[in-house]
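Trainee:
Numbering (the numbering used here), first residue to last: 1 to 387.
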């Protein structure tokens, strides 16, 4: 009996290895139905060896690992300077530094870029020190992006009145990164476009094609099934949106700030923050405010879910095609700067790890940032030191 079980486990592992090894060819050459069946077979294989795939794996089957060319704007458009924005308190500076370095080292013209860092007033001093370290790390480049620091602004609603179970459990009401995306046009007046990046992202390609993509709406984003929003609606007796096509992940966004400002969607989003009690922060508010009026980003420009073991394994054969990687999923313990990260992804991370010590990062590389680590989970586990 034991021999039969062992042979069965060996078969499962062999099947998993075969599927993972051949997944890129199978996905790229088969029909959309074939791609879905291939992925679902791999999902089943993962279950057999004890890895439970995130439901995203099934719902994303039809688009998994599929890429498409970005349609670019006319060259005459005035987008010479590329703008990128981040927001964090000092707890997230380690991740933000890694991501900034990855952006800068892959820009074809880093001197034509501006990186905006939005931080609380109390962290401006540490942020200034971080900028000094950033410039030192990139001293070998012929030109460096300009860094602009912004103090977090007052919000258009009272955060103390936000009462959803999700936001109370996550202790995220006062976090600047939780709400900044609602107000980017106010932080960056006169700027036509900006790429927003969460701090748990790594960029391995020049962002210029993304920045210059043709847009018909105020924001471009990657679709993500709204699996985690149900409680936000049911607890407040709100009608549940049956069509999942409206949902997207807000960790990688391209904003047309002129459209964003002219459409006046901020008040609509503030309404949804208040109505849902801040459930799922500004991500749900952005989703409900735009109501599906979003330009789609190809898979390669936002590779999500790699913080979770199953989604990381499912996408591992396709990662050479990715351009922006986002560590959503899991319990937060696998963020790219943590010792407990998925070591299979180190080739993406190590080239952008700071080489020299930085006072602004001391004591912060071993912990999960308490005030922003809220992606792709219902109730965040208590922040803990990574051992």
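Backbone N, C-alpha and C define an ideal beta-carbon position, used for all residues, glycine too.
How many Å lie between residue 333 and residue 342 at the Cα?
Mentor: If you take the alpha carbons of residue 333 and residue 342, they lie about 9 Å apart.
Trainee: Just to confirm the assignment, what range does the alpha helix (DSSP H) spanning residue 249 have?
Mentor: Residue 249 -> not in any alpha helix (DSSP H); beta strand (DSSP E) instead, spanning 248-256.
Trainee: Roughly how many angstroms lie between the CA atoms of residue 194 and residue 207, to the nearest whole one?
Mentor: Residue 194 and residue 207: Cα-Cα distance of roughly 11 Å.
Trainee: Using 8 Å as the Cβ pair cut-off and three pairs as the minimum, do the stretch 135-149 and the stretch 109-119 touch?
Mentor: Judged by Cβ distances under 8 Å, the stretch 135-149 makes contact with the stretch 109-119, as three or more pairs qualify.
Trainee: Only counting the same chain, and skipping five residues up and downstream in sequence, which positions put a Cβ closer than 7 Å to that of residue 292?
Mentor: Once the five neighbours on either side are set aside, the close Cβ partners of residue 292 are 245, 246.
Trainee: Could one say the Cβ of residue 310 lies closer than 7 Å to chain B's Cβ atoms, at least one of them?
Mentor: You won't find chain B in this structure, because it holds only one protein chain.
Trainee: Leaving out the 5 sequence neighbours to the left and right, which residues in its chain are closer than 8 Å to residue 361 when beta-carbon positions are compared?
Mentor: Contacts found: 93, 94, 97, 130, 133, 354.
Trainee: By DSSP, does residue 215 sit in helix, in strand, or in coil?
Mentor: Correct three-state label for residue 215: coil.
Trainee: Taking three-plus beta-carbon pairs below 8 Å as touching, is the stretch 204-224 in contact with the stretch 150-166?
Mentor: Cβ pair count under 8 Å is below three, so no.
Trainee: Under the rule that 16 or more other beta-carbon atoms within 10 Å means buried, what is residue 102, buried or exposed?
Mentor: Under this definition residue 102 is a buried residue.
Trainee: When the Cβ atoms of the stretch 256-274 are set against those of the stretch 195-202, are three or more pairs found closer than 8 Å?
Mentor: No, they do not touch.
Trainee: Can you tell me whether residue 315 is buried or exposed, with buried defined as 16 or more other CB within 10 angstroms of its CB?
Mentor: Buried is the call here.
Trainee: May I ask you to list the residues that DSSP assigns as paired with residue 206?
Mentor: According to DSSP, residue 206 bridges with nothing at all.
Trainee: Within a Cβ cutoff of 7 Å, which residues of the same chain sit near residue 236, ignoring the five residues on either side of it in sequence?
Mentor: Excluding sequence neighbours, residue 236 sits near 275, 276, 277.
Trainee: Report yes if the C-beta distance between residue 99 and residue 279 is below 7 Å; otherwise report no.
Mentor: Going by C-beta atoms, residue 99 is not nearer than 7 Å to residue 279.
Trainee: Between which two residues does the beta strand (DSSP E) harbouring residue 325 extend?
Mentor: 324-326 is the span of the beta strand (DSSP E), which, as asked, contains residue 325.
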